[in-house]
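Shown next, in structure tokens, is the structure this report addresses.
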Amino acid sequence: GYTVELGAPWEDYPGESIEADTLRMNAWIERRVGEMPEQYYWVHKRFKTRPKGEKKPY
Numbered sequence: 003g004y005t006v007e008l009g010a011p012w013e014d015y016p017g018e019s020i021e022a023d024t025l026r027m028n029a030w031i032e033r034r035v036g037e038m039p040e041q042y043y044w045v046h047k048r049f050k051t052r053p054k055g056e057k058k059p060y
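Following the working numbering, the numbering of the sequence shown begins with 3 at its first residue and continues without gaps.
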């Protein structure tokens, strides 16, 4: 089975800065993945398409 944990909504989110909001969200995700990295879907190719001429990350 699965367990789902829901926390309280973030205060002051979204804020006035999309950059600050993105940093905050990414830091939260990084902490969650760090708690159980074996549960993270590491093979997901998030950036499948790239602009013309840009190097492929995979």
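Built from N, CA and C at the ideal position, the CB exists for glycine as well.
Taking residue i as part of the alpha helix (DSSP H), name the residues at either end of that continuous run.
{"i": "W30", "result": "I20 to E37"}
Quick one: Cα of residue i to Cα of residue j, how far?
{"i": "P59", "j": "K47", "result": "9 Å"}
{"i": "R52", "j": "T24", "result": "21 Å"}
{"i": "G36", "j": "K54", "result": "34 Å"}
With distances taken from CA atoms, which of the options is nearest residue i?
{"i": "W12", "options": "E18, S19 and M27", "result": "M27"}
{"i": "T5", "options": "Q41, K50 and R33", "result": "Q41"}
The ligand GDP heavy atoms versus the CB of residue i: any closer than 7 Å?
{"i": "W30", "result": "This structure lacks the ligand GDP, and indeed carries no ligand of any kind."}
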